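Student: Just dropping this structure here.
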Amino acid sequence: MEGVRTVRLVAALAVAAMLAGGWMMNAPVDDITDTVRDDGGTAPTFAEEDSSGDSEGSDGEPVLRRGEKDDSDDSGMDLPTRLFAGGVGALGSLALGSILFEAMRVTVLVALVSPMLARMKKNREDMLTRGRLLGYLEANAGIHFSALRDALGLANGVTAYHLHTLESQGQVISWRDGKLRRYAVSSLTREEVSRIRNPIAGTRLAILEVLAESGNIG
């Protein structure tokens, strides 16, 4: 299914950014300074206040005293916050898209939930659930994800996992229809799939076939 790898990559990067940002925000400043020094960086120098009380160096530039912070470092201190906010924003975008678009919801469920369910031991109940899905799809070709889930009384993750498994085995086909994702059994012919994907054209063709068989069309 298209988009599964992209969703997994975005989720992994978002979690990594949140962890890195959280660690940098909670890490002591001394540890970060020591790390910079170990890497060969130079820390800002501080000058002791001399007897005259001047705060300018020999070149007329202000010299930092102990306890003072350089304004240029403010942007660097925002990096942990930006990392954490970026990770939260990415995960929030996936969640919002899953709420608004059924096609994206299926992709997110397959990308994030299916790997966890796949680790579970296969049992007889899984086979029965897939059999129910195949039977319902055979009788209701072209049904979309939410309708199929509600009709069988299954959870989002369970439905997405079993549909993805059946599709990977070649027993089920799916396609995107606007905000929805529709499913059908793979045993359908190309003409039947075309009629399902284009119901208006399929209905017209069926009417013409009935009229031709009845002899009303020369």
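Using our numbering, read the sequence shown as starting at 10 and increasing by one per residue.
Note that the Cβ used here is the ideal one computed from N, Cα and C, for glycine as well.
The structure presented is a predicted model; accordingly, all values stated were derived computationally and were not measured.
Indicate whether residue 191 and residue 185 have their beta-carbon atoms separated by less than 9 Å.
Tutor: Translated into the one-based positions of the sequence shown, residue 191 becomes position 182. Translated into the one-based positions of the sequence shown, residue 185 becomes position 176. Closer than 9 Å, so yes.
Student: Could you tell me how far apart the beta carbons of residue 109 and residue 139 are, in whole angstroms, since I believe they sit closer than 8 Å?
Tutor: On the sequence shown, residue 109 is found 100 positions in, with the first residue counted as 1. On the sequence shown, residue 139 is found 130 positions in, with the first residue counted as 1. Their Cβ separation, rounded to whole angstroms, is 29 Å, which puts residue 109 and residue 139 out of contact at 8 Å.
Student: According to DSSP, is residue 135 helix, strand or coil?
Tutor: Translated into the one-based positions of the sequence shown, residue 135 becomes position 126. Helix, per DSSP.
Student: Given 8 Å as the limit, is there contact between the stretch 87-104 and the stretch 19-33, that is, 3 or more CB pairs closer than that?
Tutor: Cβ pair count under 8 Å is three or more, so yes.
Student: Got a sec? Which residues, its chain only, sit under 6 Å from residue 151 by beta carbon, not counting five neighbours each side?
Tutor: Stepping through the sequence shown from its first residue, residue 151 is reached at position 142. The residues are 191, 193, 205.
Student: Under three-state DSSP, which class holds residue 155?
Tutor: Residue 155 sits at position 146 when you count from the first residue of the sequence shown. The answer is helix: DSSP assigns residue 155 an H, G or I state.
Student: Run through DSSP, which three-state label would residue 23 get?
Tutor: On the sequence shown, residue 23 is found 14 positions in, with the first residue counted as 1. Residue 23: helix per DSSP, three-state reduction.
Student: Determine which residues share a DSSP beta bridge with residue 17 and list them.
Tutor: What you label residue 17 is simply residue 8 of the sequence shown in a count that begins at 1. Partner(s): none; residue 17 has no beta bridge.
Student: Report buried or exposed for residue 24, applying the criterion of at least 16 other Cβ atoms within 10 angstroms of its Cβ.
Tutor: Taking the sequence shown and counting its residues from 1, one reaches residue 24 at position 15. Residue 24 is exposed by the Cβ-count criterion.
Student: Taking only the alpha-carbon atoms, compute the straight-line gap between residue 133 and residue 170 and give it to the nearest angstrom.
Tutor: Indexing the sequence shown from 1 puts residue 133 at position 124. Indexing the sequence shown from 1 puts residue 170 at position 161. Cα to Cα, residue 133 sits roughly 16 Å from residue 170.
Student: Taking the alpha-carbon positions, what's the residue 85 to residue 27 distance?
Tutor: Mapped onto the sequence shown, residue 85 falls at position 76. Mapped onto the sequence shown, residue 27 falls at position 18. For residue 85, the predicted model reports a pLDDT of 49, less than 50, meaning its position is unreliable; a value from the coordinates is still stated below. So the two alpha carbons sit approximately 17 Å from each other.
Student: Quick check on DSSP: helix, strand or coil for residue 183?
Tutor: Taking the sequence shown and counting its residues from 1, one reaches residue 183 at position 174. Of the three classes helix, strand and coil, the one that applies to residue 183 here is strand, per DSSP.
Student: Which same chain residues end up closer than 6 Å to residue 168 when comparing Cβ atoms and leaving out the 5 residues on each side of it in sequence?
Tutor: Reading the sequence shown from its first residue, position 159 is the one you call residue 168. Here the set comprises 158.
Student: For residue 189, which residues from the same chain have a beta carbon less than 6 Å from its beta carbon, with the 5 sequence-adjacent residues on both sides left out?
Tutor: For the purposes of this step, residue 189 is identified with residue 180 of the sequence shown, where counting begins at 1. Excluding residues within five positions, the ones whose Cβ falls inside 6 Å are 111, 153.
Student: Using a threshold of 9 Å, state whether the C-beta atoms of residue 116 and residue 202 are closer than that.
Tutor: Reading the sequence shown from its first residue, position 107 is the one you call residue 116. Reading the sequence shown from its first residue, position 193 is the one you call residue 202. Cβ atoms of residue 116 and residue 202: not closer than 9 Å.
Student: With which residues is residue 160 paired in a DSSP beta bridge?
Tutor: Within the sequence shown, the letter at position 151 stands for residue 160. BP columns for residue 160 are empty, so no partner.
Student: Please report the distance separating the alpha-carbon of residue 183 from that of residue 146.
Tutor: Locating residue 183 in the sequence shown gives position 174, counting from the first residue. Locating residue 146 in the sequence shown gives position 137, counting from the first residue. Residue 183 and residue 146: Cα-Cα distance of roughly 11 Å.
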